[in-house]
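Visitor: Here the protein sequences line up with chains A and B, keeping their order.
Per full-length UniProt numbering, residue 1 is the first one in the first sequence, and the count goes up by one each step.
Per full-length UniProt numbering, residue 1 is the first one in the second sequence, and the count goes up by one each step.
What follows is a single structure, and I will ask about it in a moment.
Protein chains: 2
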Amino acid sequence: MVTDVVATDVTVTEMVEMVRRPRVVRRADLHASVSDPAAASMNFLNEVAGRFPDAVSLAAGRPYDGFYTAHDIDRFLAVYRGHLAERGLSAAQIDRTLLQYGRTNGVIGDLIARMLATDEGIEVPSDAVMVTAGCQEAMIIALRGLCSGPDDVVLAVEPCYVGFTGAARILDIDVVPVPEAPDGLDPEAVVRVAAEVRASGRRPRALYVVPNFANPSGVSMPVPARKRLLEAAREADLLILEDDPYGLFGLDDEPRPTLKALDSDHSVIYLGSFAKSVFPGARVGFLVADQPVVDAAHHRTLLADELSTVKSMLTVNTSPIAQAVVGGMLIDSEFSLRTANRGKVEHYRTNLRTLLESLSREFGDDPRMRWNAPEGGFFAVLDVPFEADEELLEVSARDYGVLWTPMSYFYGSGGGECAIRLSCSVLEPSQVEEGVRRLGKLVRDRAS
Amino acid sequence: MVTDVVATDVTVTEMVEMVRRPRVVRRADLHASVSDPAAASMNFLNEVAGRFPDAVSLAAGRPYDGFYTAHDIDRFLAVYRGHLAERGLSAAQIDRTLLQYGRTNGVIGDLIARMLATDEGIEVPSDAVMVTAGCQEAMIIALRGLCSGPDDVVLAVEPCYVGFTGAARILDIDVVPVPEAPDGLDPEAVVRVAAEVRASGRRPRALYVVPNFANPSGVSMPVPARKRLLEAAREADLLILEDDPYGLFGLDDEPRPTLKALDSDHSVIYLGSFAKSVFPGARVGFLVADQPVVDAAHHRTLLADELSTVKSMLTVNTSPIAQAVVGGMLIDSEFSLRTANRGKVEHYRTNLRTLLESLSREFGDDPRMRWNAPEGGFFAVLDVPFEADEELLEVSARDYGVLWTPMSYFYGSGGGECAIRLSCSVLEPSQVEEGVRRLGKLVRDRAS
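And the structure:
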């Protein structure tokens, strides 16, 4: 870990020099998560984006900037303070709510539960909601609570959001992939993989899935598959970790029910994000864990209560200031993110339609080129007749002025080598068109 | 984990009933951190405090409430926005800084580095500072980065702050105690324990210590011991995790240098908190990791950069809104928390002096009673001639109207059975006096 000083036959000058020499940490001694390949890939992507700032980014998956200003923070804070005053809190109690340590599981669980009932038809008690420092922390907390030993593993759809595999890596939890089909996760594949895991002597504890407009693939599960997945989870003795950051942003006005809305027997832990529906800077997410937990004395609690110990050891509680910003927004929108996000929904619909139309225009005549047609969300996948690796990405950025994400980034051990993720969230429609035009030039040069 | 449904000889009604039966999670299947004894102890304490709201709490260690109002949030946000404008950012860039995802290691590292130079004489580059979701996350990140396998352990002063042992438990990292002496951690004990750990085939990676006014003991390390500890850390091939939440609150105006200020060879990772110097609700802390890291190709980075991957997998980044609140406060105070906290310092000094005087008045004639005399901070320890366990705590709350914390909560495997932690941060001086009077009655009844 650190250079050793062994004092044998050295001069005074050398000794002084050695004593002053800063201690050096060997990278190989640090935890494996530090060298996570997905993180290295994302760093490479950011680094390339930084070197070619004029390239159109079909890689960036962050939300569009133009919906709020920093002054909305003040407005939402004022709305939330007003709400506390209406509930009868004194000025000192309001100050304490915002400025002191607070309840580990957060103070806006009731507002989130109202939003879930209004928007998603999910009926859960407020106590089942834990507010987290973004959805990333919700993943860590659920993983940590559920996996107790080295034989406990989680299943995850593959290709998979790198935030989930990263969270598992932090905790040294193995992620076993379940391959995604063109129309989303196949419940029978889940049953099969879970059985293989059990046969190997390990215990599958949970399955991670994004049923709506997945990152990176863009695909969505049909409703019958959702219902079957809930049965399969029970058969395979798994809980489902349902992540739903893009569910608001469908191309039509008929959202499919979330797994949690269909979950009549507490099989689903729902992971929520406000990064796309409010703004990422709040860093507020949540989880819903309404599973009953029983101890040896048959005493019953809620899983959300048990997980609060994990939360307390990670971040104590989520900043009540950040919670107040999101809470104010929820109150301001009368607990409907679907209503509040109409403008965003239009933006993302226009962009996704533009992306799919541009792909048709650019590649419609080329039988070698295939892409999927997501029904919503931020992403689509284009298969290309060559390897889409980091070397090509650099060429694409430098010589063609367009950035994209290699799909191989989203596979744990091989896969996606000849596919790229196209993201359209952060651009204007004209930029999406221009990006696909540039991509067309790259593809024609490369595939000819 | 979950109740199984085995369909053998059951009626349709029974089957419907079974299918509808909610899945139950067995508590014994959850991770050990969920059942952490320290967390259970703290829950017990909170529960007793809730049942006896009129009891004077010499247990609560949170900061005093009266220094800020919720409107200071708006003010600090405005100061920070003004600061960004002065640095030449456009309105759109300011919005993006506060509302979008941002740099993993945070945006106020430069302001924190200026504060450390002004207040503590700690000179570090801004890039060595990582902003975290409270100091708790800083602990998790440092532990995760440094401990790579099951044989990597950390040393920690005992009695120990439960947040640190909890953080280690989340990551299944063993904590090896180093007993604290009446004048703080003994560097020779660190050398001895580290050697024992190595002899057992394990690798001690770091040592956790609170050199100033420790929680729970209140003790501080003398300056010569601090210098020797830095040498000892080098000899034992350990990094030091220095936690300093109470350093501002000494009884006199002559603060001792932090370990980090004395650290000429990058042996110290400094863990910082703004919970006491600004307010807990911001949930902003930081770590300073200026250690050089080398990889196999002799490429050099800073440890703070390597740890950013861990941070990205835990919480992505710290809410820039919360960072802006703290950043605004730092700018507003011209980067001196010591100056900005004069009012708080006076409050805490008065309370600690009141506590120590009250103890003298109440117990000065009783040769069986002993307590220490911390030179600052929030805590002191009283030894009592009987077991101070949870049963007695309940009696104390119910029949004597005073709460305190059993010192046994801060020991991993035995210790502190006949001692209590007295905390004076959150009370008015008259309440401190009254609390000690009530404690006197309990002690006389119990020890007679």
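A virtual CB, placed ideally from N, CA and C, is assigned to each residue, including glycine.
For B:G184, does the three-state DSSP call read helix, strand or coil?
Guide: B:G184 falls in the strand class under three-state DSSP.
Visitor: Sorted by chain position, which residues of the same chain lie with C-beta nearer than 7 Å to A:G218's C-beta, five sequence neighbours on each side aside?
Guide: The residues are N372, P374, G377, F379, A380, V381.
Visitor: Are the region 349-356 of chain A and the region 154-172 of chain A touching by the rule of at least three beta carbon pairs closer than 8 Å?
Guide: Taking 8 Å as the limit for Cβ pairs, the verdict is that the region 154-172 of chain A does not touch the region 349-356 of chain A.
Visitor: Along chain B, in chain order, which residues have C-beta atoms closer than 8 Å to that of A:Y68?
Guide: Near A:Y68 (Cβ distances below 8 Å), the residues of chain B are D95, L99.
Visitor: Which residues in the same chain have their Cβ closer than 7 Å to the Cβ of A:I170, if we skip the five residues on either side of it in sequence?
Guide: Here the set comprises S33, I140.
Visitor: Taking 7 Å as the cut-off, is the beta-carbon of A:T69 closer than that to any non-hydrogen atom of the ligand NAD?
Guide: As presented, the structure is devoid of all ligands, the ligand NAD included, so that no description of it is given.
Visitor: With 8 Å as the limit, tell me which residues of the region 118-152 of chain B have their beta carbon closer than that to any beta carbon of chain A; keep them in chain order.
Guide: From the region 118-152 of chain B, only A133, G134, Q136, E137, I140, R144, G145, L146, C147, S148 have a Cβ closer than 8 Å to chain A.
Visitor: According to the neighbour-count rule (16 or more other Cβ atoms, all chains shown, within 10 Å of its Cβ), is B:D244 buried or exposed?
Guide: Label assigned to B:D244: buried.
Visitor: Identify whether B:Y246 lies in helix, strand or coil by the three-state DSSP scheme.
Guide: B:Y246: coil per DSSP, three-state reduction.
Visitor: Does the region 284-296 of chain A touch the region 58-77 of chain A, meaning 3 or more C-beta pairs lie closer than 8 Å?
Guide: Touching, no, given that fewer than three Cβ pairs across the two stretches are closer than 8 Å.
Visitor: Which ranges does the alpha helix (DSSP H) cover as unbroken runs of at least 4 residues, wholly within the region 137-208 of chain B, from first to last along the chain?
Guide: Those alpha helix (DSSP H) runs which fall completely within the region 137-208 of chain B and span 4+ residues are 162-170, 187-199.
Visitor: Which residues in chain B sit within 7 Å of A:V294, going by Cβ to Cβ distance?
Guide: Residues of chain B passing the Cβ test: V24, R26, R27.
Visitor: Taking contact to mean at least 3 C-beta pairs separated by less than 8 Å, is the region 117-127 of chain B in contact with the region 251-261 of chain B?
Guide: Touching, yes.
Visitor: Quick check on DSSP: helix, strand or coil for A:T405?
Guide: Note: A:T405 maps to strand in three-state DSSP.
Visitor: Cα separation between A:V191 and A:D237?
Guide: Roughly 10 Å between the two C-alpha positions.
Visitor: How big is the Cα-Cα spacing for B:E390 and B:D152?
Guide: Straight-line Cα distance between these residues: approximately 34 Å.
Visitor: Give a yes or no on whether the minimum CB-CB distance between B:M329 and chain A is below 8 Å.
Guide: Not one chain A Cβ lies under 8 Å of B:M329.
Visitor: Suppose contacts are defined by Cβ-Cβ distances below 8 Å. Is A:V56 in contact with A:E434 by that definition?
Guide: Their beta carbons are under 8 Å apart, which means A:V56 touches A:E434 by this criterion.
Visitor: Decide if the region 312-327 of chain B is in contact with the region 101-121 of chain B; the criterion is three or more beta carbon pairs, one per stretch, under 8 Å apart.
Guide: Touching, yes, given that three or more Cβ pairs across the two stretches are closer than 8 Å.
Visitor: Compare the C-beta of B:Q291 against all C-beta atoms of chain A and say whether one is closer than 8 Å.
Guide: Yes - at least one Cβ of chain A is within 8 Å of the one on B:Q291.
Visitor: Closer than 6 Å by C-beta to B:G145: which residues in its own chain qualify, once you throw out the five before and the five after it? Chain order, please.
Guide: Excluding sequence neighbours, B:G145 sits near L307, V310.
Visitor: Can you give the Cα-Cα distance for A:L393 and B:L337, rounded to whole angstroms?
Guide: Using only the alpha carbons, I get a separation of about 47 Å.
Visitor: Could you tell me which residues DSSP pairs with A:Q240 in its beta bridges?
Guide: Checking the displayed sequence, the identity of residue 240 of chain A turns out to be Ile instead of Gln. Its beta-bridge partners are A:L207, A:V268.
Visitor: By a C-beta neighbour count over all protein chains shown, 10 Å radius and 16 as the cutoff for buried, is A:F386 buried or exposed?
Guide: It counts as exposed.
Visitor: For the candidate residues B:R438, B:V426, B:D445, whose alpha-carbon lies nearest to that of B:A60?
Guide: Closest option to B:A60, Cα to Cα, is B:V426.
Visitor: Given that a residue counts as buried once 16 or more other Cβ atoms are within 10 Å of its Cβ, and exposed if not, what is B:L93?
Guide: The question names Leu, yet the displayed sequence has Gln at residue 93 of chain B. So B:Q93 ends up on the exposed side.
Visitor: How would you call A:R226, buried or exposed, if buried means at least 16 neighbouring beta carbons within 10 angstroms?
Guide: Looking at its Cβ environment, which holds 16 or more other Cβ atoms inside 10 Å, A:R226 is buried.
Visitor: Which residues in chain A sit within 8 Å of B:V34, going by Cβ to Cβ distance?
Guide: Within 8 Å Cβ-Cβ: G145, E306, L307, T309, V310.
Visitor: Would you decide whether B:G109 is buried or exposed? Buried here means 16 or more other CB atoms lie within 10 Å of its CB.
Guide: By the neighbour-count rule (16 or more Cβ atoms within 10 Å), B:G109 is buried.
Visitor: Is the shortest distance between the beta-carbon of A:A7 and the beta-carbons of chain B less than 8 Å?
Guide: Summary for A:A7: the model assigns pLDDT 40, below 50, so the residue's position carries little reliability; its value from the coordinates is reported in the next sentence. False, the Cβ-Cβ gap to chain B never drops below 8 Å.
Visitor: According to DSSP, A:D383 sits in a beta bridge with which residue or residues?
Guide: Answer is A:R370, A:A419, bridged to A:D383.
Visitor: Does any CB atom of chain B fall closer than 8 Å to the CB of A:I240?
Guide: Judged by the 8 Å Cβ criterion, A:I240 is not in contact with chain B.
Visitor: Take A:T339 and list the residues in its own chain whose beta-carbon comes closer than 8 Å to its own, dropping the five residues that flank it on each side.
Guide: Result list for A:T339: S333, in chain order.
Visitor: Compute the Euclidean distance between the alpha carbons of A:M130 and A:R51, then round it to the nearest angstrom.
Guide: About 40 Å.
Visitor: Spatial neighbours of A:G66 within its chain, please: CB distance less than 7 Å, with the 5 preceding and 5 following residues excluded, ordered by chain position.
Guide: Cβ within range, chain order: n/a, list empty.
Visitor: Output, in sequence order along the chain, the residues in the region 406-419 of chain B whose CB is closer than 7 Å to any CB in chain A.
Guide: Listed by position along the chain: nothing, the set is empty.
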